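Reading through the structure tokens given below for one structure.
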Amino acid sequence: GGSGTTAASLGAGRPTVITPLILDQFMFAHLVAAKGVGASTEHLAKVTAGQLAAALKSCESEQVVEAAEQLGARLRAEDGASAAADLVVGYVEREVRTGAWREVERTPA
Numbered sequence: 001g002g003s004g005t006t007a008a009s010l011g012a013g014r015p016t017v018i019t020p021l022i023l024d025q026f027m028f029a030h031l032v033a034a035k036g037v038g039a040s041t042e043h044l045a046k047v048t049a050g051q052l053a054a055a056l057k058s059c060e061s062e063q064v065v066e067a068a069e070q071l072g073a074r075l076r077a078e079d080g081a082s083a084a085a086d087l088v089v090g091y092v093e094r095e096v097r098t099g100a101w102r103e104v105e106r107t108p109a
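1 is the number of the first residue of the sequence shown in the UniProt record's numbering; add one for each residue after it.
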């Protein structure tokens, strides 16, 4: 249920079940269920076999399968690497080369 696993399953256009354990996994579990592209369960330490079976069964529904396929197609159509590179280049040109980054207020750690 972390970012890499979630991105891999959704990018493949497959429904996913997230059984969160730590950190961002709870957010991804909520988002996957809310978007209808998979299911989530309780915390790994609390989930029962019955709850996990129900989550897996829900991912067989035509509605969830179709939603996951559509999201996967949209994700695969994005050119994320180019978009990220464009953001970095834009920042360097706008902030670093001009020295504008020095003007940003910083709060002490």
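Think of the CB as a built atom: it goes at the ideal place given N, C-alpha and C, for glycine as much as any other residue. Keep in mind it's a predicted model, so treat the numbers as computed, not measured.
Quiz prompt | Neighbour-count burial assignment, proline 108, 16 or more Cβ in a 10 Å radius | solution = The count along the sequence shown starts at 1 and reaches residue 108 at position 108. So proline 108 ends up on the exposed side.
Quiz item: Should valine 92 go down as buried or exposed, given a rule of 16 or more other Cβ atoms within 10 Å for buried?
Solution: Taking the first residue of the sequence shown as 1, we reach residue 92 at position 92. Valine 92 is exposed by the Cβ-count criterion.
Quiz item: Can you tell me the Cα-Cα spacing of alanine 83 and valine 89, whole angstroms?
Solution: Within the sequence shown, the letter at position 83 stands for residue 83. Within the sequence shown, the letter at position 89 stands for residue 89. Straight-line Cα distance between these residues: approximately 10 Å.
Quiz item: Between which two residues does the alpha helix (DSSP H) containing valine 32 stretch?
Solution: As a working mapping, residue 32 is identified with position 32 in the sequence shown. Here the alpha helix (DSSP H) through valine 32 covers 25 to 34.
Practice problem: Use the C-beta contact count for leucine 23: other C-beta atoms within 10 angstroms, 16 or more gives buried, fewer gives exposed. | Solution: Taking the first residue of the sequence shown as 1, we reach residue 23 at position 23. When all chains shown are included, leucine 23 counts as exposed.
Quiz prompt | Counterpart residues of alanine 49 in DSSP-defined beta bridges | solution = Counted from its first residue, the sequence shown places residue 49 at position 49. In the DSSP output, where bridge partners are listed per residue, alanine 49 has none listed.
Self-check item: Own chain residues within Cβ distance below 8 Å of lysine 35, not counting five before or after
Solution: Looking up residue 35 in the sequence shown gives position 35. Within the same chain, lysine 35 has close Cβ partners Ala67 and Leu71.
Quiz prompt | Element boundaries [alpha helix (DSSP H), containing glycine 90] | solution = Against the sequence shown, residue 90 aligns to sequence position 90. Looking at the DSSP string, the run of the alpha helix (DSSP H) that includes glycine 90 is 80 to 91.
Self-check item: As assigned by DSSP and simplified to three states, the class of valine 65
Solution: By one-based count along the sequence shown, residue 65 stands at place 65. Valine 65 falls in the helix class under three-state DSSP.
Self-check item: Residue(s) in a DSSP beta bridge with valine 16
Solution: Numbered from 1 along the sequence shown, position 16 holds the residue referred to as residue 16. Before going further, note that residue 16 is threonine rather than valine in the sequence given. In the DSSP output, where bridge partners are listed per residue, threonine 16 has Gly38.
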